[in-house]
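Chemist:
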Amino acid sequence: MKKLSRPIINVFGAQGRQRNAACALRLPFARAIHATPRFGAESSLPVINEKSTTPQLVEQPQRGNEGSKARKRLQQFGTFTILFAAGWMLEDQRKAYFAPAGSSTTEFVKYTVVRKEVVSSTCTIFSLQSATKATIPATVPDAEWSINSVELKQPQLQIVRSYTCLPPNADQPEDELRFLIRREQRGEVSNYIHRLPIGAEVEIRGPHAEYVIPGDTQSAIFLAGGTGIAPALQAADVLDGEADLHILWAMRRREDCIGGLNDSRAETSRWTSWFKSRERAQSNATDMNAQAAEKGAMVAQLESLKRSFASYQKDQSRLSVDYFVDEENSFIDPARVKSIITDQTSKAKEKSPGRKIIFVSGPAGFISHWAGPKQWHQGQEIQGPLGGILSTFQLAGWEVVKL
Numbered sequence: 001m002k003k004l005s006r007p008i009i010n011v012f013g014a015q016g017r018q019r020n021a022a023c024a025l026r027l028p029f030a031r032a033i034h035a036t037p038r039f040g041a042e043s044s045l046p047v048i049n050e051k052s053t054t055p056q057l058v059e060q061p062q063r064g065n066e067g068s069k070a071r072k073r074l075q076q077f078g079t080f081t082i083l084f085a086a087g088w089m090l091e092d093q094r095k096a097y098f099a100p101a102g103s104s105t106t107e108f109v110k111y112t113v114v115r116k117e118v119v120s121s122t123c124t125i126f127s128l129q130s131a132t133k134a135t136i137p138a139t140v141p142d143a144e145w146s147i148n149s150v151e152l153k154q155p156q157l158q159i160v161r162s163y164t165c166l167p168p169n170a171d172q173p174e175d176e177l178r179f180l181i182r183r184e185q186r187g188e189v190s191n192y193i194h195r196l197p198i199g200a201e202v203e204i205r206g207p208h209a210e211y212v213i214p215g216d217t218q219s220a221i222f223l224a225g226g227t228g229i230a231p232a233l234q235a236a237d238v239l240d241g242e243a244d245l246h247i248l249w250a251m252r253r254r255e256d257c258i259g260g261l262n263d264s265r266a267e268t269s270r271w272t273s274w275f276k277s278r279e280r281a282q283s284n285a286t287d288m289n290a291q292a293a294e295k296g297a298m299v300a301q302l303e304s305l306k307r308s309f310a311s312y313q314k315d316q317s318r319l320s321v322d323y324f325v326d327e328e329n330s331f332i333d334p335a336r337v338k339s340i341i342t343d344q345t346s347k348a349k350e351k352s353p354g355r356k357i358i359f360v361s362g363p364a365g366f367i368s369h370w371a372g373p374k375q376w377h378q379g380q381e382i383q384g385p386l387g388g389i390l391s392t393f394q395l396a397g398w399e400v401v402k403l
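In the UniProt record's numbering, the protein residues as written are 1 to 403.
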């Protein structure tokens, strides 16, 4: 036991009282001076008060019992902390495995890679199914007419990237999600996903509404670059014969759209018809080759959506798709886009009033070329002002949306 620094006071006799008084003068801030016990821990000894020379009995605290109680309380607190942490972990696992379907929109949910369908040398369709009883909703609550995306996590770097789900096929399970993902040279997330084998798990969060298509939409034009065709497929699936939709899909290689045939041809002016004759002949040869080839996965889904449109309307041209391939020197011509806008505007005048929208989706360079770059504001990506080629058109009554 650590020795006390206070002096031992003799309270018996006059000399003792004098010494006590002297000690009290040396310790002016002390309220009382306790004598060291001589008869054990339970003994009570008289103590001199600075205001009185009469000995007073003060009960000595039981230090041994207090230490034991403190240790007991510390043990109880430690046990409670461990049990609380264990309970929290068990509850977190219970939510992951037993949460009802469509219950999570802000937390990551584990999915398993069940199928990989190679579309081209750089693109693959990944089919994922829930690894637990928890799934993410197929649509954003209260926004059924929306173009949605989900976030896929790269766990090593703890980064995410948004990908647009492909519309479901007829025989697709309800808990299955499909994504068209291109392997980018410097894409951390895309390279991670392409390395995943069948049976591997990936974490997904969402969905998030990129844009809610108005219910009164009457006409829509979709300029899609590369994997930007995925939002166009979602838009076609949402509209499903309720509005005219013309998709112009640009890609680098024909392998991305094997078997794709144009539903319309660019109009040729009389001044350039002679110069365009050779190009038109090449285009006809390309279409014949595409017709003979087996249709790729994305082309097959576009054809399926066209049949769905036709089942609702007698006019089968309500969904039109044109393909443009860089390696075939085929590009989306601004004059052709302007012609489609004029044609859609004329058709809209013959019907009841409705919204007219031009969508632009694809790599950042493609979006910037046609509609100007998107911008960041307070940590969120926003549309930004209209720029690019579309800013030079007369777009009265048209809305431009960058995806």
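Don't be surprised by glycine CBs; every beta carbon is placed ideally from N, CA and C.
Using 10 angstroms around the beta-carbon of Pro231, count the other beta-carbons present and answer buried if the total reaches 16, otherwise exposed.
Modeler: Its Cβ being crowded by 16 or more others within 10 Å, Pro231 is buried.
Chemist: Thinking just about the alpha-carbon of each residue, which of Arg178, Val160 and Pro207 is nearest to the one in Glu188?
Modeler: That would be Val160, whose Cα lies nearest to the Cα of Glu188.
Chemist: Measuring straight from C-alpha to C-alpha, what distance separates Gln375 and Asp244?
Modeler: Gln375 and Asp244: Cα-Cα distance of roughly 29 Å.
Chemist: Starting from the Cα of Ile341, find the closest Cα among Val299, Pro385 and Ala396 and give me that residue.
Modeler: The option with the nearest alpha carbon to Ile341 is Ala396.
Chemist: Helix, strand or coil for Arg252 per DSSP?
Modeler: In the structure shown, Arg252 sits in coil (DSSP, three-state: anything other than H, G, I, E or B).
Chemist: Going by C-alpha to C-alpha distance, which of Ala131, Asp343, Asp326 and Ile357 sits closest to Glu201?
Modeler: Comparing Cα positions, the closest option is Ala131.
Chemist: In whole angstroms, what is the alpha-carbon distance linking Ile48 and Arg73?
Modeler: Residue placement at Ile48 cannot be trusted, given a pLDDT of 44 that sits under 50; what the coordinates show is reported in the next sentence. Approximately 35 Å between the Cα atoms of the pair.
Chemist: Can you name, in chain order, every residue of its own chain whose Cβ lies under 6 Å from the Cβ of Arg205, other than the five neighbours on each side?
Modeler: Excluding residues within five positions, the ones whose Cβ falls inside 6 Å are Phe108 and Glu151.
Chemist: Determine the extent of the alpha helix (DSSP H) in which Val189 is found, giving its start and end residues.
Modeler: From DSSP, the alpha helix (DSSP H) with Val189 extends over Glu188 to Arg195.
Chemist: With a Cβ-Cβ cutoff of 8 Å, do Ile332 and Ala250 count as a contact?
Modeler: Yes, these two residues count as a Cβ contact at 8 Å.
Chemist: Would residue 405 and Ile125 qualify as a contact pair, given that the criterion is a beta-carbon distance under 8 Å?
Modeler: Since the first residue of the chain shown is 1 and the last is 403, residue 405 is not available in this structure.
Chemist: Is it the case that the Cβ atoms of Arg183 and Asn191 are separated by a distance below 8 Å?
Modeler: Their beta carbons are under 8 Å apart, which means Arg183 touches Asn191 by this criterion.
Chemist: Take the Cβ of residue 419 as the centre, count every other Cβ of all protein chains shown within 10 Å, and call the residue buried at 16 or more, exposed below.
Modeler: For residue 419 there is no data in the structure shown, the boundaries of the chain being 1 and 403.
Chemist: Could you compute how far the alpha carbon of Ser304 sits from the alpha carbon of Asn148?
Modeler: If you take the alpha carbons of Ser304 and Asn148, they lie about 20 Å apart.
Chemist: Is the CB of Arg186 under 8 Å away from at least one CB in chain D?
Modeler: Here chain D cannot be found, since the structure has a single protein chain.
Chemist: State buried or exposed for Leu403, treating a residue as buried only when at least 16 other CB atoms are found within 10 Å of its CB.
Modeler: So Leu403 ends up on the buried side.
Chemist: Could you tell me if Asp171 is buried or exposed, where buried requires 16 or more neighbouring beta carbons within 10 angstroms of its beta carbon?
Modeler: Exposed: under 16 other Cβ atoms inside 10 Å.
Chemist: Figure out for me which residue from Glu350, Asp237 and Ser330 has the closest Cα to the Cα of Leu319.
Modeler: The residue with the shortest Cα to Cα distance from Leu319 is Asp237.
Chemist: CA-CA distance, Glu117 and Trp398?
Modeler: In a straight line, the C-alpha of Glu117 is about 37 Å away from that of Trp398.
Chemist: By DSSP's criteria, Glu203 is part of a beta bridge. Which residues make up the other side?
Modeler: According to DSSP, which records beta bridges pairwise, Glu203 is partnered with Lys110.
Chemist: Give the straight-line distance between the Cα atoms of His208 and Thr135, rounded to the nearest whole angstrom.
Modeler: Each residue's Cα considered, the two are about 14 Å apart.
Chemist: Which residues mark the beginning and the end of the beta strand (DSSP E) in which Ser164 is found?
Modeler: The question names Ser, but residue 164 in the sequence shown is Thr. It spans Ile159 to Thr164 - the beta strand (DSSP E) in which Thr164 sits, taken as one unbroken run.
Chemist: Do Phe366 and Gly228 have their C-beta atoms closer together than 8 Å?
Modeler: Result yes, Cβ atoms of Phe366 and Gly228 sit closer than 8 Å.
Chemist: How long is the line joining the alpha carbons of Ser339 and Arg195, rounded to whole angstroms?
Modeler: In a straight line, the C-alpha of Ser339 is about 43 Å away from that of Arg195.
Chemist: Would you identify the three-state DSSP class for Ile367, choosing helix, strand or coil?
Modeler: The answer is helix: DSSP assigns Ile367 an H, G or I state.
Chemist: Bridge partners of Asn148, per DSSP?
Modeler: Bridge partners of Asn148: Ala209.
Chemist: Give the C-beta separation of Gly362 and Gly226 to the nearest angstrom, bearing in mind that I take them to be a contact with Cβ-Cβ under 8 Å.
Modeler: Indeed, because the Cβ distance is near 5 Å, the residues count as touching under 8 Å.
Chemist: Going by DSSP, which residues form a beta bridge with Ala224?
Modeler: In the DSSP output, where bridge partners are listed per residue, Ala224 has Trp249 and Ser361.
Chemist: Go through its chain and collect everything with a Cβ distance to Thr139's Cβ below 8 Å, but skip five positions before and after it.
Modeler: Excluding residues within five positions, the ones whose Cβ falls inside 8 Å are Ser146, Asn148 and Pro207.
Chemist: Please classify Ile181: does DSSP put it in a helix, a strand, or coil?
Modeler: It is a strand residue.
Chemist: What do you reckon, are the CB atoms on Lys153 and Glu203 nearer than 8 Å?
Modeler: Against a cut-off of 8 Å, the Cβ pair of Glu203 and Lys153 comes out as a contact.
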